[in-house]
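Undergrad: Heads up: the sequence shown begins at 1 in UniProt numbering, then just goes up one per residue.
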Amino acid sequence: MCIAVALPLAVPAEENRLAGIFPEWIKTVALVAPASPGTSREKVDAAISLLKKAGVKVKVMPNAREGEPAGYTSIPAEKRVADLERAWLDPEVDLILCIRGGVGTIDIVEKLDWAKLRTRPDLPVLGFSDITVLHMAMLKEKAGHPYASASLLALPDVDEASLKSIQAVLHGRAPEPVVLTPLRGGEASGVALAGHLRLLETVSRTRFRPETRGKVIFIESPDLAPVEAEKALTSLRRSGFFDSCAAVVFGRLSGCGEREEAVMRDFAEEVKCPVYMGFPYSHTSRNQMIDLFGKVMIDAAGRLRR
Numbered sequence: 001m002c003i004a005v006a007l008p009l010a011v012p013a014e015e016n017r018l019a020g021i022f023p024e025w026i027k028t029v030a031l032v033a034p035a036s037p038g039t040s041r042e043k044v045d046a047a048i049s050l051l052k053k054a055g056v057k058v059k060v061m062p063n064a065r066e067g068e069p070a071g072y073t074s075i076p077a078e079k080r081v082a083d084l085e086r087a088w089l090d091p092e093v094d095l096i097l098c099i100r101g102g103v104g105t106i107d108i109v110e111k112l113d114w115a116k117l118r119t120r121p122d123l124p125v126l127g128f129s130d131i132t133v134l135h136m137a138m139l140k141e142k143a144g145h146p147y148a149s150a151s152l153l154a155l156p157d158v159d160e161a162s163l164k165s166i167q168a169v170l171h172g173r174a175p176e177p178v179v180l181t182p183l184r185g186g187e188a189s190g191v192a193l194a195g196h197l198r199l200l201e202t203v204s205r206t207r208f209r210p211e212t213r214g215k216v217i218f219i220e221s222p223d224l225a226p227v228e229a230e231k232a233l234t235s236l237r238r239s240g241f242f243d244s245c246a247a248v249v250f251g252r253l254s255g256c257g258e259r260e261e262a263v264m265r266d267f268a269e270e271v272k273c274p275v276y277m278g279f280p281y282s283h284t285s286r287n288q289m290i291d292l293f294g295k296v297m298i299d300a301a302g303r304l305r306r
C-alpha cells in the first residue's frame, strides 16, 4: 500500500517532486548508461539528489559516469554490458533507470548474457529513445520488465501528469485516461509496444524484431524530418510491422515541424488498423509512462485507458 508522505515545510516542493513516486518494494535503484553519456556531471548529480530525496537508495554503476558529453557513446560496449549485467544481477537492485538515451544501445544487445538476465524476468527497466533497442531485445529474450519512461536526466523536467502516470503505473494503478485524436477511428485493445520511430525501424531488421500481433503500438521521434519519418514508417509498413497490430498511437513527431500531423494522416491512409495521435509520449515534458507488459484499451470516442 502506498503511504503518503507530507512535504517538509522547510524544503521547497520542487525539490521533493518525486516524493512518493516509488512503491515501498522499490528500495534500490541502479543507474546505467547503455547508450550516450550524461550531458553534464552536474545534471546527473542533481537528478541523483532528487532520487535520493524520493526515499530510494541509488547505486551508480562503475562505468556510468565515464565518457565525454559530446562523445558518440558513453564508453566501450564491453563496459556498458558489464554495468548493465552487474546492475541486473545484483539482488539488492529493485529497478534499473537509464541515465539517458542517445546512441549506441544497438552495440550491446548482442553482447548481453541473456540466459543470466532471464533469471530476473520481472526487473523493471526504465528509459526511452535509444533505450527502445534494449526494450525490444528484452521482449524478444523474455528478460526483465520494460517500461517506456523518462530517463534519469529527463525525469526532473517531466510535467505533473507524466509524474502521476509514472507513480500510478509503478504502484499498479491505472493512470488517468487520455483522450486521443482519431486519424483512422475504431475501438482497439491490446498489450502496449512503444518506441522511437527510427529505432523501431532499425531493430525490425535484427533478430530482436518485436512481435506486433495484437499490440497497440506507440511511436514518437524528436529528430526525424518529414521525409525521414515517412521513409521509416513506410519501411516498417512494407515489412509487415503493422499488419496484425491492434492500433497505432502517435506521440510527437516533433522533427517534422509543421508537417507533423500530415505525416501521421498520410500514414493512417496506408494501414488498416485504427490510428490515433495526441498521446503524451515525446522528448518533452509531456512523457507519460507506458508499461510494455500492460494492456491498453481505446474506446470509440478515442479515450485511452491503461
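All C-beta atoms in this analysis are idealised placements derived from N, C-alpha and C, irrespective of residue type, glycine included.
(1) Just to confirm, is the Cβ distance from Gly104 to Arg86 under 9 Å?
(2) Output the residue ranges of the beta strand (DSSP E) runs that lie fully inside the UniProt domain "LD-carboxypeptidase C-terminal" (190–290) and measure 3 residues or longer, sorted by chain position.
(3) Could you pull out every residue in the same chain whose Cβ sits closer than 7 Å to the Cβ of Val58, ignoring the five residues on either side in sequence?
(4) How big is the Cα-Cα spacing for Lys27 and Pro62?
(5) Could you tell me which residues DSSP pairs with Val296 in its beta bridges?
(6) Run through DSSP, which three-state label would Leu304 get?
(7) If you count every other CB in all the chains shown that lies within 10 Å of the CB of Thr119, and 16 or more means buried, which is it?
(8) Quick one: which unbroken alpha helix (DSSP H) runs of 4-plus residues sit fully inside the UniProt domain "LD-carboxypeptidase N-terminal" (29–141)? Chain order, please.
(9) Out of Val178, Glu261, Val44 and Asp107, which has the shortest C-alpha to C-alpha gap to Asp157?
(10) Which residues share a DSSP beta bridge with Arg184?
(11) Report the rounded CA-to-CA distance for Arg305 versus Leu97, giving the unit in angstroms.
(12) Report the residue from Leu233, Ala301, Val133 and Ser244 whose alpha carbon sits nearest the alpha carbon of Leu253.
(13) Between which two residues does the beta strand (DSSP E) containing Ala148 stretch?
(14) In chain order, what residues of the same chain have a beta carbon less than 6 Å from the beta carbon of Gly144, not counting five sequence neighbours either side?
(15) Identify the continuous alpha helix (DSSP H) that holds Glu160 and give its terminal residues.
(16) Within this structure, are the beta carbons of residue 343 and Gly195 separated by less than 9 Å?
(17) Going by C-alpha distance, which of Ala247, Pro280 and Val227 is nearest Gly255?
(18) What's the gap between the Cα of Arg100 and the Cα of Leu84?
(19) Apart from the five residues just before and just after Glu201, which ones in its own chain have a Cβ nearer than 6 Å to its Cβ?
TA: Let's see:
(1) no
(2) 216–221, 247–253 and 275–277
(3) Val29, Leu31, Ile48, Leu51 and Lys52
(4) 20 Å
(5) Gly190
(6) strand
(7) exposed
(8) 41–53, 77–89, 114–117 and 132–141
(9) Val44
(10) Val275
(11) 25 Å
(12) Leu233
(13) His145 to Ala148
(14) Leu123, Val125 and Met138
(15) Glu160 to Leu170
(16) As displayed, the chain neither begins before 1 nor continues past 306, which places residue 343 out of reach and without an answer.
(17) Val227
(18) 14 Å
(19) Ala232, Ser235 and Leu236
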